[in-house]
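Take a look at the structure set out below.
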DNA sequence: GTTTTTGCACTGACCAGTCAGTTCAAAACA
DNA sequence: TGTTTTGAACTGACTGGTCAGTGCAAAAAC
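Residue numbers (the working numbering), protein chains in the order written: chain A, 1091 to 1320; chain B, 1091 to 1320.
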């Protein structure tokens, strides 16, 4: 409604300094919840679009439109498109890590074995992917890229998640439940990959299958019940 | 011959055309072979750039520059950037599929079990990824995307590769080597994922490890020798 | 009163794809 | 043999369009 009746936009000559109102995520008694809601909407819009098309092919205009928000609002809330994406990554992996940890700890509290813990984490991973398929998709697509701005963010965040699996494997080796010969980092990566790829395939190519079905198949593989009858 | 009977070379706006000093290129193959060589150079340039940056973030100018070729040559050889990429995908997955098939067949000819065949295919997969890490990276990054031009190409090509694994699993079920309860497509996807993710992690985060090391770790997982001592 | 959002015009950089012109190996010719 | 012609392969400046990010005043929310 407003806008631009008077005062021509400044060209190159009068390059005005960007005056961005303070980011300060600190104490904002005013519309803290409101701002948070806007950011959430932007995350949700961005995650699906970027999962479908990739980061570069997704425009800020699209994100704003899908979030039902003005483009200016995107830049009021995030310094740039990349920053929005990085925070999205951090947020998403944070959820996953917490979920994995919880699964491992609950199993331990119940006195379960380490295989049980791994199994519980597989399920937690599947539940996560079931709930946030787009995020998972986007994460996998970006994980092994190099030369991108958010590369370091991604590494940190990846390690947090994998470390949870590695921890359980190491405890299992320590208490004799797992062979001492297993390669912890490699096995952890393989397990994560197994779940990731199986789940993405599930969602992409046979979405009618139930989570329990998929979980059972992966459990069987984990416990070496593939070879050998029954 | 076209134009240029008189005066210096001119572009359309009268700007003088740069006359490049000719590389003598005495060993240049002429005719068809030359074109094929150009396409090969373009594939190689494109595969690494797209693996690093993604499809949309990679420009045709970059690809041409890295291939040591003019931009126009890209469009002389491929209808578009997408077509170049699609042919790259087809070419790469073709190599992988052939390699997996060969591994399975050789094992069968040797009278090996189906687990042996799976193990041989794991190794073949690792060898492939070891040789073409950039292609693998790019493939994984694009596989679960939707709304992209090459979506259908990707599906076809994926199915070719996974089908080889599924075939071995089915044969194993048929001859009683594998449990009848296993879910063939899901298990195949999980196995592929296990190898893919473990290998990409290997290449990205611990490239000093030997292929045998990685293979041993995955073999152990396949044969259920993780839980249980020794 | 302050913070957040809106709406939209605007800029500058970047980029896919085009096309008039150039090169050269091999075929046709002398 | 040497010379001319042909046309597929290649070149790179250029075009038309797209998009991230800016600027700002009014309005809405708090």
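Just so you know, even glycine gets a beta-carbon here, dropped at the ideal spot from N, CA and C.
Residue i classed as buried or exposed, judged by whether at least 16 other C-beta atoms fall within 10 angstroms
| i | result |
| --- | --- |
| residue 1162 of chain A | exposed |
| residue 1195 of chain B | exposed |
| residue 1173 of chain A | exposed |
| residue 1166 of chain B | exposed |
| residue 1270 of chain A | exposed |
| residue 1099 of chain A | Any reading at residue 1099 of chain A must be qualified, since the residue scores a pLDDT of 31, below 50, and its modelled position is unreliable; no value is offered. |
| residue 1266 of chain A | exposed |
| residue 1286 of chain A | buried |
| residue 1154 of chain A | buried |
| residue 1307 of chain B | buried |
| residue 1105 of chain B | With a pLDDT of 32 at residue 1105 of chain B, under the threshold of 50, the modelled position of that residue is not reliable, and the figure given next carries that caveat. It is exposed - the Cβ of residue 1105 of chain B has fewer than 16 other Cβ atoms within 10 Å. |
| residue 1305 of chain B | buried |
Beta-carbon proximity list for residue i, same chain, < 8 Å, skipping 5 on both sides
| i | result |
| --- | --- |
| residue 1279 of chain A | 1252 |
| residue 1137 of chain A | 1178, 1182, 1222, 1224, 1225 and 1228 |
| residue 1232 of chain A | 1145, 1179, 1238, 1240 and 1244 |
| residue 1272 of chain B | 1259 and 1263 |
| residue 1311 of chain B | 1284 |
| residue 1125 of chain B | 1167 |
Minimum C-alpha distance to residue i - residue among the options
| i | options | result |
| --- | --- | --- |
| residue 1197 of chain A | A/1160, A/1151, A/1209 and A/1264 | A/1209 |
| residue 1158 of chain B | B/1305, B/1301, B/1142 and B/1135 | B/1135 |
| residue 1299 of chain B | B/1234, B/1156, B/1284 and B/1216 | B/1216 |
| residue 1202 of chain A | A/1273, A/1310, A/1258 and A/1133 | A/1258 |
| residue 1214 of chain A | A/1314, A/1130 and A/1254 | A/1254 |
| residue 1169 of chain B | B/1287, B/1256, B/1250 and B/1129 | B/1129 |
| residue 1148 of chain A | B/1308, B/1306 and B/1236 | B/1236 |
| residue 1314 of chain B | A/1277, A/1297 and A/1295 | A/1277 |
| residue 1186 of chain B | B/1250, B/1127 and B/1200 | B/1250 |
| residue 1295 of chain A | B/1200, B/1234, B/1199 and B/1191 | B/1234 |
| residue 1291 of chain A | B/1230, B/1301 and B/1291 | B/1230 |
Residues near residue i by beta carbon distance below 7 Å, same chain, minus five either side
| i | result |
| --- | --- |
| residue 1247 of chain B | 1179, 1180 and 1183 |
| residue 1206 of chain A | 1197 |
| residue 1152 of chain B | 1139 |
| residue 1275 of chain B | 1256 |
| residue 1156 of chain A | 1135 and 1139 |
| residue 1303 of chain A | none |
| residue 1316 of chain A | 1310 |
| residue 1150 of chain A | 1161, 1164 and 1171 |
| residue 1282 of chain A | 1252 and 1255 |
| residue 1191 of chain B | 1254 |
| residue 1063 of chain A | This structure cannot speak to residue 1063 of chain A, because chain A is shown only from 1091 to 1320. |
Close-in-space but distant-in-sequence residues of the same chain around residue i (CB under 6 Å, 5 per side omitted)
| i | result |
| --- | --- |
| residue 1262 of chain A | 1204 and 1268 |
| residue 1289 of chain B | 1216 and 1219 |
| residue 1293 of chain B | 1223 |
| residue 1112 of chain A | Note that residue 1112 of chain A scores 29 on pLDDT, short of 50, meaning its location in the model is unreliable and no value can be drawn from it. |
| residue 1176 of chain A | 1240 and 1243 |
| residue 1193 of chain B | 1210, 1211 and 1214 |
| residue 1189 of chain B | 1214 and 1218 |
| residue 1131 of chain A | 1157 |
| residue 1142 of chain A | none |
| residue 1133 of chain B | 1178 |
For this session: Scan the segment 1168-1211 of chain A and note each continuous alpha helix (DSSP H) run of 4 residues or more that stays entirely inside, going in chain order.
Result: 1171-1199
For this session: Starting from the N-terminal side, write out each stretch of the alpha helix (DSSP H) that is 4 residues or longer and does not extend beyond the segment 1233-1281 of chain A.
Result: 1241-1264
For this session: Run through the segment 1129-1158 of chain B for me and flag every whole alpha helix (DSSP H) of 4 or more residues, listed as ranges in chain order.
Result: 1150-1157
Problem set entry | Every unbroken alpha helix (DSSP H) inside the segment 1282-1315 of chain A [4 residues or more] | 1301-1312
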